[in-house]
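Asks: Each residue of the sequence shown is one higher than the last, beginning at 9 in this note's numbering.
Note that beta-carbon positions come from the ideal geometry of N, C-alpha and C, so glycine has one too.
This one's a predicted model, so the numbers in the text were calculated from it and none came from an experiment.
One structure follows; several queries about it will come next.
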Amino acid sequence: MISLSERPIVSFVILAYNHAEITKRCIDSLLLHTPLDGNELILVNNGSSDDTRTYFDSIPHARPIHIHQNVGPVNGFNVGMNEARGKYIALISNDMILTANWLDNLMTCIESDPQIGFVSPGANYVSNYQQINLPFNTLEEMQQQARVYNVSNSTKWEERIRLMPVILFSLTERLREIGGYDSRFYFGEFGDDDISYRYRRAGYKLIYAGDTFIFHHGSVTTAIDQRQNNSLQISRQIFHSKYGIDSWAEGLPNMQLVESLKSRWTPKPTVSLLAINCCVGATPLACKTYFKQNGASNVTLTSLTNQEKYMTDLRTISDWTLYYQTMADIHQQLRGERFDYILFEHGYPDFIQSCNNAEFLHAYLSPSGHFIT
Numbered sequence: 009m010i011s012l013s014e015r016p017i018v019s020f021v022i023l024a025y026n027h028a029e030i031t032k033r034c035i036d037s038l039l040l041h042t043p044l045d046g047n048e049l050i051l052v053n054n055g056s057s058d059d060t061r062t063y064f065d066s067i068p069h070a071r072p073i074h075i076h077q078n079v080g081p082v083n084g085f086n087v088g089m090n091e092a093r094g095k096y097i098a099l100i101s102n103d104m105i106l107t108a109n110w111l112d113n114l115m116t117c118i119e120s121d122p123q124i125g126f127v128s129p130g131a132n133y134v135s136n137y138q139q140i141n142l143p144f145n146t147l148e149e150m151q152q153q154a155r156v157y158n159v160s161n162s163t164k165w166e167e168r169i170r171l172m173p174v175i176l177f178s179l180t181e182r183l184r185e186i187g188g189y190d191s192r193f194y195f196g197e198f199g200d201d202d203i204s205y206r207y208r209r210a211g212y213k214l215i216y217a218g219d220t221f222i223f224h225h226g227s228v229t230t231a232i233d234q235r236q237n238n239s240l241q242i243s244r245q246i247f248h249s250k251y252g253i254d255s256w257a258e259g260l261p262n263m264q265l266v267e268s269l270k271s272r273w274t275p276k277p278t279v280s281l282l283a284i285n286c287c288v289g290a291t292p293l294a295c296k297t298y299f300k301q302n303g304a305s306n307v308t309l310t311s312l313t314n315q316e317k318y319m320t321d322l323r324t325i326s327d328w329t330l331y332y333q334t335m336a337d338i339h340q341q342l343r344g345e346r347f348d349y350i351l352f353e354h355g356y357p358d359f360i361q362s363c364n365n366a367e368f369l370h371a372y373l374s375p376s377g378h379f380i381t
């Protein structure tokens, strides 16, 4: 057993499969921008056939782990997680280049709320509305721009349904508590969606740290699997089989509706939002985040759905989660309630036809409220 006095603060786990030159850029950037005193560096060689082994063994004070054959990114990260001794863990792919203040910013974010499960920064190349566009033509210019950009700013933190972990930064025990990555997502794709859902369902928040920029080369290894093994669709189906949810079709925010709500926003400290048939809640959560970033200190989100499969995830982000089958159910559950915003995402024409009244929901709007569909 390692004593508390010897325990590292952060375990940096860098995973590499070939591409030694790209890996070297990643590690050089980590050593440049990150203090190793009091922390530990774990290097996972995921069955590389180039000189990655020799390079890893040459790095002072690192703990190299050599896996005989490529076990896929999620399993490779699990190997590093199992070896981590730090209070916190940062899972980093070798195609990332670290930047100034990245660790301080993520640490400030995760320590702001004990209910945060993991945080992740933005990057130049990433999906899930986590892209940050900085002007640069060279890596030197990128580092200069990132140094200016990477100033801790809580107004740029956003709670999310799912995160693409440019870096997955978490309490180590919390990552172990939820079981690390699911090995079924061998190729990597949708493993991030899966771990996001499991963190949330365990009662933790996911925070996108939009105040922090990291450079990402982009799909250095996964692009090959996508071409050769149809890994994207295979992994998408594994996720659907596990949850009964299509993470793309049902787990992404409708930004057109979010923008519509923004255009109707009048700053006020207390806001109530009723979200109807919004799948797992990505769109109302984006709206709730916008309210909080723009002057609302108290936001109440009520989610109403006619599909039981969404109830589990809606409960993770809503103050109240209600299930209905008939119009009478809605009357009974919302009796006397008034909302500043009513957001209806899916199935509105069928809903209106079933209740035979286009004004049915307007009775639940406050006098100055807005209906968005």
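Is it true that the CB of Pro81 sits closer than 7 Å to the CB of Gly218?
Replies: No, these two residues do not count as a Cβ contact at 7 Å.
Asks: Is it right to say Thr146 is buried, meaning 16 or more other beta carbons lie within 10 angstroms of its own, or is it exposed?
Replies: Thr146 comes out exposed.
Asks: Between which two residues does the alpha helix (DSSP H) containing Trp256 stretch?
Replies: Unbroken alpha helix (DSSP H) run through Trp256: 255-259.
Asks: Rounded to a whole number of angstroms, what is the C-alpha to C-alpha distance between Thr220 and Ser120?
Replies: Using only the alpha carbons, I get a separation of about 16 Å.
Asks: Thinking Ala290 and Gly252 are a contact (beta carbons under 8 Å), I'd like their distance in whole angstroms, please.
Replies: With 8 Å as the limit, Ala290 and Gly252 do not qualify as a contact, their Cβ atoms being about 16 Å apart.
Asks: Identify which residue in Arg61, His69, Asp65, Leu282 has its Cα closest to the Cα of Tyr77.
Replies: Here residue 77 turns out to be Gln, not Tyr, going by the sequence shown. Nearest option by C-alpha distance: Arg61.
Asks: Drop a sphere of 10 angstroms on the beta-carbon of Trp165, count the other beta-carbons inside from all chains shown, and report buried for 16 or more, exposed for fewer.
Replies: So Trp165 counts as buried.
Asks: Given this structure, state the Cα-to-Cα distance separating Asn238 from Arg93, to the nearest angstrom.
Replies: If you take the alpha carbons of Asn238 and Arg93, they lie about 36 Å apart.
Asks: Enumerate in chain order the residues of its own chain whose CB-to-CB distance from Ile175 is below 8 Å, with the five nearest sequence positions on each side excluded.
Replies: Once the five neighbours on either side are set aside, the close Cβ partners of Ile175 are Ala98, Leu99, Ile100, Met104, Trp110, Leu114, Ser128, Pro129, Ile222.
Asks: For the beta strand (DSSP E) containing Ile73, list its first residue and its last residue.
Replies: Note, Ile73: beta strand (DSSP E), 70-75.
Asks: Please name the residue, chosen from Tyr356, Glu345, Val307, that lies closest to Pro375 on a Cα-to-Cα basis.
Replies: For Pro375, the nearest C-alpha among the options comes from Glu345.
Asks: Is Met9 helix, strand or coil by DSSP?
Replies: Reliability fails at Met9, whose pLDDT of 36 lies under 50, so the model's placement of it is uncertain and no value is given.
Asks: Could you tell me whether the Cβ atoms of Tyr96 and Leu179 are closer together than 7 Å?
Replies: The answer is yes: Cβ separation under 7 Å.
Asks: With a threshold of 8 Å on Cβ separation, who are the neighbours of Ala210 within its own chain once the five nearest residues in sequence on each side are excluded?
Replies: Only Gly125, Glu185, Ile186 meet the Cβ criterion.
Asks: Out of curiosity, what's the CA-to-CA distance linking Asp358 and Leu269?
Replies: In a straight line, the C-alpha of Asp358 is about 22 Å away from that of Leu269.
Asks: DSSP three-state label for Met104, please.
Replies: Reduced to three states, the DSSP call for Met104 is strand.
Asks: Can you tell me whether Ile97 is helix, strand or coil according to DSSP?
Replies: Strand.
Asks: Please list the terminal residues of the continuous beta strand (DSSP E) segment that includes Trp273.
Replies: Unbroken run through Trp273: none, as it is neither H nor E.
Asks: How is the beta strand (DSSP E) around Phe386 delimited, first residue to last?
Replies: No answer is possible for residue 386: the residues shown for the chain start at 9 and end at 381.
Asks: Check the C-beta distance from Leu51 over to Phe64 and give it rounded, since I have them as a contact under 8 Å.
Replies: Sure, about 4 Å apart at Cβ, within 8 Å.
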